[in-house]
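S.K.: Starting off with a structure, shown below.
4 protein chains.
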Amino acid sequence: MLGNTIGRMFRVTACGESYGDALVAIIDGCPAGLEISDVEVQKELDARRPGTSPLDSPRQETDQVHIFAGLRNGFTTGAPLGLIIYNVDRHDIHVKQYFDVKDLVRPGHAEYTYMIKYGNYADWCGAGRASGRETCMRVAAGAVAKKILAGQGIEVLGHTCECMGIKSKPLTFDEVKAHYRKNHINCADPEAAEKMIARVMEIKDEGDTAGGVVEVIARGVPAGLGEPVFDKLNATIAHGLMSIGAVRGVEFGAGFGVSKMKGSECNDIPHIDDNGKVRFKTNKAGGIEGGISNGEDIIVRVAVKPTATISIDQDTVNMATMKNDRLSAITRRDPTITARLVAVAESMVRITILDHLMMWRGYDAIQTFEHPWT
Amino acid sequence: MLGNTIGRMFRVTACGESYGDALVAIIDGCPAGLEISDVEVQKELDARRPGTSPLDSPRQETDQVHIFAGLRNGFTTGAPLGLIIYNVDRHDIHVKQYFDVKDLVRPGHAEYTYMIKYGNYADWCGAGRASGRETCMRVAAGAVAKKILAGQGIEVLGHTCECMGIKSKPLTFDEVKAHYRKNHINCADPEAAEKMIARVMEIKDEGDTAGGVVEVIARGVPAGLGEPVFDKLNATIAHGLMSIGAVRGVEFGAGFGVSKMKGSECNDIPHIDDNGKVRFKTNKAGGIEGGISNGEDIIVRVAVKPTATISIDQDTVNMATMKNDRLSAITRRDPTITARLVAVAESMVRITILDHLMMWRGYDAIQTFEHPWT
Amino acid sequence: MLGNTIGRMFRVTACGESYGDALVAIIDGCPAGLEISDVEVQKELDARRPGTSPLDSPRQETDQVHIFAGLRNGFTTGAPLGLIIYNVDRHDIHVKQYFDVKDLVRPGHAEYTYMIKYGNYADWCGAGRASGRETCMRVAAGAVAKKILAGQGIEVLGHTCECMGIKSKPLTFDEVKAHYRKNHINCADPEAAEKMIARVMEIKDEGDTAGGVVEVIARGVPAGLGEPVFDKLNATIAHGLMSIGAVRGVEFGAGFGVSKMKGSECNDIPHIDDNGKVRFKTNKAGGIEGGISNGEDIIVRVAVKPTATISIDQDTVNMATMKNDRLSAITRRDPTITARLVAVAESMVRITILDHLMMWRGYDAIQTFEHPWT
Amino acid sequence: MLGNTIGRMFRVTACGESYGDALVAIIDGCPAGLEISDVEVQKELDARRPGTSPLDSPRQETDQVHIFAGLRNGFTTGAPLGLIIYNVDRHDIHVKQYFDVKDLVRPGHAEYTYMIKYGNYADWCGAGRASGRETCMRVAAGAVAKKILAGQGIEVLGHTCECMGIKSKPLTFDEVKAHYRKNHINCADPEAAEKMIARVMEIKDEGDTAGGVVEVIARGVPAGLGEPVFDKLNATIAHGLMSIGAVRGVEFGAGFGVSKMKGSECNDIPHIDDNGKVRFKTNKAGGIEGGISNGEDIIVRVAVKPTATISIDQDTVNMATMKNDRLSAITRRDPTITARLVAVAESMVRITILDHLMMWRGYDAIQTFEHPWT
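Residue numbers (our numbering), protein chains in the order written: chain W, 754 to 1127; chain V, 754 to 1127; chain Z, 754 to 1127; chain H, 754 to 1127.
As structure tokens, then:
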């Protein structure tokens, strides 16, 4: 397993399983002198934590995070940050439940692919490293990135913009901020939120689960971030977002809508604004042209699949007998993970933007030295 | 500019501008003993070459590729491959055209972001490194990956599955293969192709351009490719595809459709097939679960924006005067790049799958040594 | 701080300070199915642990390691391993000692460079991340590599081959193995060891410390490991070894001796041995030609500087007052770290060889598929 | 072959064989606005070029470099630089000479290891990618780094400080600069140079070759460069230098001499200089403490083995017959490569320092934003 590090200059490495002792993240590249505390990181984690809403899994995890390395007297020292969350809700009864079905492939889960890749040694307990639980550490690292970005005037917010076909009305960054995290579905349009929640509760009652779309908007990203060609800002953001287990699609700005557009409709027209600065009249590009931020809001949406675990019996196969088999309904689950995924998606966008910011500052410092015009 | 290398084990590094002397790619990690020739790589490049269809730009580039390093007697030596394409159609008249508008931001292009990032030194000629011309080297490298993958039983094919709202009917891998590259729009459904072409020609006559969707299907990918967590197979494929200039969205399998699905609809149900192997009854996941291939076809679609260059006057700004200005219609352009993008998208998928294959073989060889069951 | 990860396929990421809560390493790329336990890793750590010999610092650290992630039922699952060691000997009295001199640059230590790089936020306590204490995690990760390499028939052993001018006689791998870790100085030549220890004890009595040379020999490394040009096997081993705080030089085989040799003396002559295999009559190259292992023992030596902390007053500067100042003798220190460095050097060699082995297996698997002759 | 890229922020990727069409380097990360020309790069290449001194191989290569990408009107555009050198002296007669002995392992060369790694497909002609010829591209890339570093006040110079036991007297940076490249052996001590040359000519007459030591000094490197732990400045410089084919050892400052030193002798004592700045009275550390530059000159030495090709018959094996065989004297060779290696070693040090400078600027820019004291 080799995909546990992300980033080039701001690097996050993580480990830990759903039913192991603890989850840990090491953050390499955090500048010295940043004031940060367990409490601040905790606040972000609480937004992702299960068991706080009727739309979530009833698993009781306190998700108490502790920064055990890289801090002295409340400020980062320049050393890598180490963050740890101990797993607490892993009682024998739950472990036994997983053990009892460990040879059954749970549809929509990663058991089969893990078994193929790692053989009988793959962790069968709570999906191991493939569990949504690993996203805790994305959120913890994202909290650190959030604090650094705030110091640079960059804010990143997400919300559920669609769920089971119910769409929020189009919202600006300020509108999202005004209704941020105000309801269980994390939709910033209160009317749409109400409908979404009602629909999810209906589906929950059927024993089923619901998909959705999460939108993330980044404001204050200076023009110039992103590396041309392979490491475009959108390419690396897409990498980070698509690495979240439940995500099946990523689109920027007008997204898949561009396939129906003419060039004259899709091009964002620049103009000089009242402050004498270049701005764009529309934002079909989602704030990125040629892989580089253009100073407009960065807008990205991800498609979130419905929770794979459902309270309905399903056909499946048994990997021990290599025969068709049947998986019984499972009750401990999230009716939708869309709402909880908001914090995860925000975090991945923050981590990636910060990584680019640090790369860009590295070049720019050298460039500026050479010529004064930048 | 730091994003000119992609991959960990099969690594492609590229350079060269639209109106520079030449484009070059260096491929690191190509195994020794592969029989390959300029002719074979050329065949793939010809599928991307402009000037061969009424839907393309009339730019006349022969795109003659030469492998100048890493080969001896027609076989790779294990040394990095060096591939070069000299730019030939860069007559003074075209260079002058670009020079005349070098201070104008061309809407939908990367000029503005490049100017912000690189200052007045940014290459104004033919969009420099932001030109679609850089994709030549993606295709050249993809041709090498294609040959290696063929030796492993893996085939990757793409086609235009949607254009300006006109959709091809759903097609299997075999159906795409049967009608592969048969028409100017590269759509494998002949009836839809006809409609798409007619619609693009209409739009062309308006001086405008058209967007579309390209689908890529990979067959024969063994279960087990992809690294969990940050370097999931879908995450890295998305990275590669989103790094293509005109792409605005990427989705796998049911894609954004999952947002309207219930868990019971979205889960792919496994069963034991007639050969005693595990297969899935549906492929909503697009062949990837938990970031790892599951043995089904890998299915991915990308949203392609309409060509930014249009034959219609557009408002814009002049970066030298910092005033609003007007950009005249430009005639040398592709009515749509969707058809040409097929070869590029296939190439990125091939490069990424091969990279994972080599990573996986590295682990697996060590794993297998330890225990016989894999 | 960005240098906390090493390796491409077998990757070690670490964090934790000398006087922080804990040290952690995350090992990415460990194959599934490896049987390993805390006890096995502990055994290697005990070889590095201070306070066990008169040549060591009296700091009392138990260095109890626990594998908290990546294991289930005693076997690796393919998930990243997480290893943790809690710091126990960090009583207030020691912290206060560091606090009292926190503005003084301790000669031979990294305070000054850390202060310059990280400002007043740099960790002043026990040298923070620059402490030799971080090498715990190198050894812990090396223990995992050792176990995997053993399964591949590769053994790596080190010993102190020189100390304050006293040299061990030239020793083969088997001779080193026969007298491995038999004395406080970890020298495999018992006579030389006795002299070395006597000399170090004399120097200790002067309040001073002693330098040395550690030799590491790797046996059973198959020919073919190492990537030509920039990532030669020797280049990456040198990288790993030179990253150990106290190392000032690295040499392979005849090492700096080659500067006095003629080509006819330096070339290793190949011949066909009794088993019909190619072997070399000498090993001036230290088992590596052109950056690739040639099947002979890999032999590398590192120069270890004397412990910087001494029980003698030293001139220095005070960074708070920016005036010259005086640092008093410090009593808690290692008379030499050469003996303890053996375990660290072995670990870095193991980690690097394993990384190359996994890379090579990845290529080779693809190569072999293409042509049968490898 | 995977080791053809070096660096994280200033990245050099290279390809090309000794007897292929051309050598190419792609430099990723070069800031925009740097004025540079073929002529400037050529000047550095000329210092490495063979055939200009009686101590060199008589191979006639003009080594004419051309920057074919990344430049417009003499300034870098921010795009990756592409540099190409065509091989010209590869007449059939030389190729035939290599062909005739292609199955013989040339002692001291990489044939055997390449054959093992790449099978019969390995390039037998002029050592392919293992040839010293690949160092052209290190020097070309180093020339670009040199220009950028000059803009930052950093100078890097090398010289032959030892050859066959004859040592130059200890020289400061200024002394080396005063006698830089003044004689065939590139030794900055004229008296020692004369003796070295006489000794090499004697050895040449015996048909043999000579080893040596090259010292590189970097002046003006600001304190603060280098990443703690695995990517220490010395570790990465050692990586780069040890990746040069003929290098067998690397040492910094007092180097292997530390093994005979007491702590009180080895520690560099800081003091406040006349300008009120912290300086060190000695430089045993070679300008690096804890892996980070301390503002003193960076001093590093590499052991260079004698040219493997000699004009004396040697025993060897034939890989086709797998029998012992005999390799005849070869006449086209360098009596020593030490003098030519100076330019290569300087280049690797320049590339690595620049890479760290750009990393550091990236962090520092973020850090400074947060707190004003840096």
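Note that beta-carbon positions come from the ideal geometry of N, C-alpha and C, so glycine has one too.
Checking the sheet assignment: what are the DSSP bridge partners for H/His912?
M.R.: Here residue 912 of chain H refers to the residue found at position 159 of the fourth sequence. Per DSSP, H/Glu968.
S.K.: Can you tell me the Cα-Cα spacing of W/Arg802 and W/Thr962, whole angstroms?
M.R.: Here residue 802 of chain W refers to the residue found at position 49 when the first sequence is read from its first residue. Here residue 962 of chain W refers to the residue found at position 209 when the first sequence is read from its first residue. Straight-line Cα distance between these residues: approximately 18 angstroms.
S.K.: Return the residues of the stretch 779-811 of chain W that lie within a Cβ-Cβ distance of less than 8 angstroms from chain H, sorted by chain order.
M.R.: Listed by position along the chain: Gly782, Pro784, Ala785, Gly786, Leu787.
S.K.: On the three-state DSSP scale, how would you describe V/Thr1127?
M.R.: Position 374 of the second sequence, counted from the first residue, corresponds to residue 1127 of chain V. Note that V/Thr1127 scores 30 on pLDDT, short of 50, meaning its location in the model is unreliable; the coordinates nonetheless yield the value given after this. Correct three-state label for V/Thr1127: coil.
S.K.: Under the DSSP definition of a beta bridge, which residues are partnered with H/Val1000?
M.R.: Along the fourth sequence, one-based indexing puts residue 1000 of chain H at 247. The partner list for H/Val1000 (beta bridge, DSSP) reads H/Val1057.
S.K.: Taking all protein chains shown into account, do 16 or more other C-beta atoms lie within 10 angstroms of the C-beta of V/Thr1091, making it buried, or fewer, making it exposed?
M.R.: As a working mapping, residue 1091 of chain V is identified with position 338 in the second sequence. Counting Cβ neighbours within 10 Å, V/Thr1091 comes out buried, since at least 16 surround it.
S.K.: Say whether chain V places a C-beta atom closer than 7 angstroms to the C-beta of W/His937.
M.R.: By 1-based counting over the first sequence, the position of residue 937 of chain W is 184. Not an interface residue.
S.K.: List the residues of chain A whose Cβ lies closer than 8 angstroms to the Cβ of H/Phe852, in chain order.
M.R.: In the displayed structure, chain A is absent; the protein chains listed are W, V, Z and H.
S.K.: Tell me which same chain residues have a C-beta within less than 8 angstroms of the C-beta of Z/Met1112, skipping the five on either side of it?
M.R.: Residue numbering aside, residue 1112 of chain Z sits at position 359 when the third sequence is read from its first letter. Counting only Cβ-Cβ distances below 8 angstroms, and skipping sequence neighbours, we find Arg761, Met762, Glu980.
S.K.: Whose C-beta lies closer than 7 angstroms to the C-beta of Z/Ala772 among residues of the same chain, with five residues either side of it excluded?
M.R.: Here residue 772 of chain Z is taken as the residue at index 19 of the third sequence, counted from 1. Contrary to the premise, residue 772 of chain Z reads as Tyr rather than Ala in this sequence. Closer than 7 angstroms at Cβ, skipping near neighbours: Asn840, Arg843, Val848, Cys878, Gly879.
S.K.: Just the C-alpha distance for W/Tyr865 and V/Gly1016, rounded to the nearest angstrom, thanks.
M.R.: Within the first sequence, numbered from 1, the residue matching residue 865 of chain W stands at position 112. Within the second sequence, numbered from 1, the residue matching residue 1016 of chain V stands at position 263. For W/Tyr865 and V/Gly1016, the distance between alpha carbons rounds to 18 angstroms.
S.K.: Considering just the uninterrupted stretch of the alpha helix (DSSP H) at W/Asp781, what are its terminal residues?
M.R.: For the purposes of this step, residue 781 of chain W is taken as the residue at position 28 of the first sequence. No alpha helix (DSSP H) holds W/Asp781; the beta strand (DSSP E) holding it covers 775-781.
S.K.: Would you call the stretch 914-922 of chain Z and the stretch 1072-1081 of chain H touching, i.e. three or more CB-CB distances under 8 angstroms?
M.R.: At 8 angstroms Cβ cutoff, the stretches do not touch.
S.K.: Take Z/Ile907 and list the residues in its own chain whose beta-carbon comes closer than 6 angstroms to its own, dropping the five residues that flank it on each side.
M.R.: Residue 907 of chain Z sits at position 154 when you count from the first residue of the third sequence. Only Gly973, Val974 meet the Cβ criterion.
S.K.: In angstroms, rounded to a whole number, what distance separates the CA positions of V/Ser1046 and H/Asp984?
M.R.: Here residue 1046 of chain V corresponds to residue number 293 of the second sequence, with the count starting at 1. Here residue 984 of chain H corresponds to residue number 231 of the fourth sequence, with the count starting at 1. Approximately 34 angstroms, taken between the alpha carbons.
S.K.: Flag H/Thr866 as yes when its Cβ comes closer than 6 angstroms to any non-hydrogen atom of the ligand FMN, and as no otherwise.
M.R.: What this structure holds is no ligand at all, so the ligand FMN is not there to describe.
S.K.: Does chain W have any CB closer than 7 angstroms to the CB of V/Cys1019?
M.R.: To locate residue 1019 of chain V, count along the second sequence from 1; it is residue 266. So, interface residue.
S.K.: Using the beta-carbon count (16 or more within 10 Å), is V/Ile846 buried or exposed?
M.R.: Counting from one through the second sequence, the residue named residue 846 of chain V turns up at place 93. Exposed, since its Cβ has fewer than 16 Cβ neighbours within 10 Å.
S.K.: Given a cut-off of 7 angstroms on the beta-carbon distance, is the pair Z/Ala1082 and W/Gly872 in contact?
M.R.: Numbered from its first residue, the third sequence carries residue 1082 of chain Z at position 329. Numbered from its first residue, the first sequence carries residue 872 of chain W at position 119. Not a contact, by the Cβ cut-off of 7 angstroms.
S.K.: Could you list which residues in chain W have their beta carbon closer than 7 angstroms to that of H/Arg1114, in chain order?
M.R.: Counting from one through the fourth sequence, the residue named residue 1114 of chain H turns up at place 361. Those within 7 angstroms of H/Arg1114 in chain W are Arg1114, Gly1115, Ala1118, Ile1119.
S.K.: Return the Cβ separation of V/Val929 and V/Ala941 in integer angstroms, given the expectation that the two are a contact with Cβ distance under 8 angstroms.
M.R.: Walking along the second sequence from the start, residue 929 of chain V turns up at place 176. Walking along the second sequence from the start, residue 941 of chain V turns up at place 188. That pair is a contact at about 4 angstroms.
S.K.: Check distances from the C-beta atoms of the stretch 898-931 of chain H to those of chain W and list, in chain order, the residues that come in under 9 angstroms.
M.R.: So the close ones are Ile901, Gly904, Gln905.
S.K.: Using a Cβ-Cβ cutoff of less than 7 angstroms, which residues in the same chain neighbour V/Ile997 once the five nearest sequence positions on both sides are dropped?
M.R.: Numbered from its first residue, the second sequence carries residue 997 of chain V at position 244. Thr888, Leu1094, Val1097, Ala1098, Met1101, listed in sequence order.
S.K.: Mind listing the chain V neighbours of Z/Arg761? Cutoff is C-beta to C-beta under 9 angstroms, in chain order.
M.R.: Here residue 761 of chain Z corresponds to residue number 8 of the third sequence, with the count starting at 1. The answer, in chain order, is Arg761, Met762.
S.K.: Compute the distance between the beta-carbons of Z/Asp1131 and Z/Arg764, then report whether it is under 7 angstroms.
M.R.: The displayed coordinates of chain Z run from 754 to 1127. Any statement about residue 1131 of chain Z would go beyond what the structure contains.
S.K.: Please check the pair W/Arg1085 and W/Arg859, which I expect to be a contact at CB under 8 angstroms, by giving their CB distance rounded to whole angstroms.
M.R.: Residue mapping note: residue 1085 of chain W aligns to position 332 of the first sequence, counting from 1. Residue mapping note: residue 859 of chain W aligns to position 106 of the first sequence, counting from 1. That belief does not hold up - the Cβ atoms of W/Arg1085 and W/Arg859 are roughly 13 angstroms apart, past 8 angstroms.
S.K.: Under a CB-based cut-off of 7 angstroms, is W/Met1111 close to chain H?
M.R.: As a working mapping, residue 1111 of chain W is identified with position 358 in the first sequence. Closer than 7 angstroms to some Cβ of chain H, the Cβ of W/Met1111 qualifies, so yes.
S.K.: Check whether chain Z comes within 7 angstroms of W/Arg984, counting only Cβ atoms and requiring the distance to be less than that.
M.R.: Start at 1 with the first residue of the first sequence, and residue 984 of chain W comes out as number 231. In the sequence as displayed, the identity of residue 984 of chain W is Asp instead of Arg. Judged by the 7 angstroms Cβ criterion, W/Asp984 is not in contact with chain Z.
S.K.: Between the stretch 950-967 of chain W and the stretch 921-938 of chain W, can you find at least three pairs of beta-carbon atoms closer than 8 angstroms?
M.R.: Segments in contact, yes.
S.K.: Taking just the CA atoms, how far does V/Pro1088 sit from V/Ser884?
M.R.: Within the second sequence, the letter at position 131 stands for residue 884 of chain V. Within the second sequence, the letter at position 335 stands for residue 1088 of chain V. When rounded, the distance between both Cα atoms is 16 angstroms.
S.K.: Throw me the rounded Cβ distance for the W/Gly964 and V/Val966 pair, which I believe falls under 8 angstroms.
M.R.: Position 211 of the first sequence, counted from the start, is the residue given in the question as residue 964 of chain W. Position 213 of the second sequence, counted from the start, is the residue given in the question as residue 966 of chain V. That belief does not hold up - the Cβ atoms of W/Gly964 and V/Val966 are roughly 20 angstroms apart, past 8 angstroms.
S.K.: Give me, in chain order, the residues of the same chain whose beta-carbon lies closer than 6 angstroms to that of V/His932; leave out the 5 immediate sequence neighbours on both sides.
M.R.: On the second sequence, position 179 is the one that residue 932 of chain V refers to. Excluding residues within five positions, the ones whose Cβ falls inside 6 angstroms are Ala941.
S.K.: By how many angstroms is the C-alpha of V/Lys855 removed from the C-alpha of W/Thr1060?
M.R.: Locating residue 1060 of chain W in the first sequence gives position 307, where the first residue counts as 1. Locating residue 855 of chain V in the second sequence gives position 102, where the first residue counts as 1. Cα-Cα distance, rounded: 51 angstroms.
S.K.: Taking a cut of 7 angstroms between CB atoms, which residues from the stretch 957-975 of chain H lie near chain Z?
M.R.: Within the stretch 957-975 of chain H, the residues whose Cβ lies closer than 7 angstroms to some Cβ of chain Z are Asp961, Thr962, Ala963, Gly964, Gly965, Val966, listed in chain order.
S.K.: Determine the DSSP secondary structure at V/Lys920, reduced to helix, strand or coil.
M.R.: In the second sequence, counting from the first residue as 1, residue 920 of chain V sits at position 167. Strand.
S.K.: Excluding five sequence neighbours on each side, which residues of the same chain lie with their C-beta closer than 6 angstroms to the C-beta of Z/Thr805?
M.R.: Taking the third sequence and counting its residues from 1, one reaches residue 805 of chain Z at position 52. Counting only Cβ-Cβ distances below 6 angstroms, and skipping sequence neighbours, we find nothing.
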